[in-house]
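Here's the structure, in structure tokens; my notes come after.
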Amino acid sequence: GGSLLGFLPEEALFCMSDGLYRGTEDGYERVALDGTPVYDMIPYEDDSWFAATSDGLSYVERTAGGFETASLATDFSGSIERMMIVCGKIYIGTFSGLYIYNIGGHSLKRVDSVPDVSICGFARSGSRELIVASDGGGIYVLDASTGKLMRQYYETGRNRTGLLSNSVADMC
Numbered sequence: 014g015g016s017l018l019g020f021l022p023e024e025a026l027f028c029m030s031d032g033l034y035r036g037t038e039d040g041y042e043r044v045a046l047d048g049t050p051v052y053d054m055i056p057y058e059d060d061s062w063f064a065a066t067s068d069g070l071s072y073v074e075r076t077a078g079g080f081e082t083a084s085l086a087t088d089f090s091g092s093i094e095r096m097m098i099v100c101g102k103i104y105i106g107t108f109s110g111l112y113i114y115n116i117g118g119h120s121l122k123r124v125d126s127v128p129d130v131s132i133c134g135f136a137r138s139g140s141r142e143l144i145v146a147s148d149g150g151g152i153y154v155l156d157a158s159t160g161k162l163m164r165q166y167y168e169t170g171r172n173r174t175g176l177l178s179n180s181v182a183d184m185c
């Protein structure tokens, strides 16, 4: 196997540098995305997940015969760093900006109000707001249902809006 890149403990699934693995009584076995680095996974519905891979966004489903995968989107300007499902959409943070994948509509769009900065994390604030942490752009607050920018917190040196730095490592 390759290097460990992530872990879903409730499912004993491991994101590795050469595929998706599952823990077994004898160790582990590769179950999907053979040869493809898997950086992150988020649960979706029973026995299904969305996976961030070196090729983009994939859908992974456990079936009676094993695991099946489907590539959903590959048009990203940087590799996927973080993902969060909100209001039927996957917010996808890359090393070069923010994207929204509409699950029901199977469409991908770039969030133009967030520049080419590394997206480091997401958090929810109430039912309407999605808070996005970035390395270089501070914090963006979006309307979770539309993806529209509501406000931004940043530090410019002259006009402080509450941050001491524009590098925000994570949100919780």
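For the sequence shown, the working numbering gives the first residue as 14, with consecutive numbering after it. Heads up, the beta-carbon is just placed ideally off N, CA and C, and yes, glycines get one too.
- Per DSSP, proline 56 is one residue of the beta strand (DSSP E) stretching across 51-56.
- The closest CA to that of leucine 85, considering only Gly91, Cys100, Gly118 and Arg95, is found on Gly118.
- About 5 Å separates the beta carbon of glutamate 94 from that of glycine 106, a gap short enough to meet the 8 Å contact definition.
- Taking 8 Å as the cut-off, the beta carbon of methionine 29 is found no closer than this to the beta carbon of valine 44.
- Counting along the chain, the unbroken beta strand (DSSP E) around tyrosine 104 starts and ends at 102-107.
- In the structure shown, alanine 136 adopts extended strand secondary structure according to DSSP, grouped into three states.
- Here DSSP, grouped into helix, strand and coil, assigns arginine 43 to strand.
- Setting aside the 5 residues that flank it on each side, tyrosine 167 is surrounded in the same chain by Gly150, Gly151, Ile152, Thr174, Leu176 and Asn179, each with a C-beta closer than 8 Å to its C-beta; the list follows chain order.
- Rounded to the nearest angstrom, the gap between the Cα atoms of aspartate 59 and glycine 36 is 18 Å.
- DSSP places isoleucine 116 in the coil class of the three-state scheme, outside both helix and strand.
- CA-CA distance, tyrosine 112 to aspartate 39, rounds to 39 Å.
- Comparing alpha carbon positions, the residue from Tyr57, Gly32 and Glu74 closest to serine 67 is Gly32.
- Cβ-Cβ distances below 7 Å link leucine 143 to Val99, Tyr104, Phe135, Arg137, Leu155 and Ala157 in the same chain, with the five nearest sequence neighbours on each side left out; the list follows chain order.
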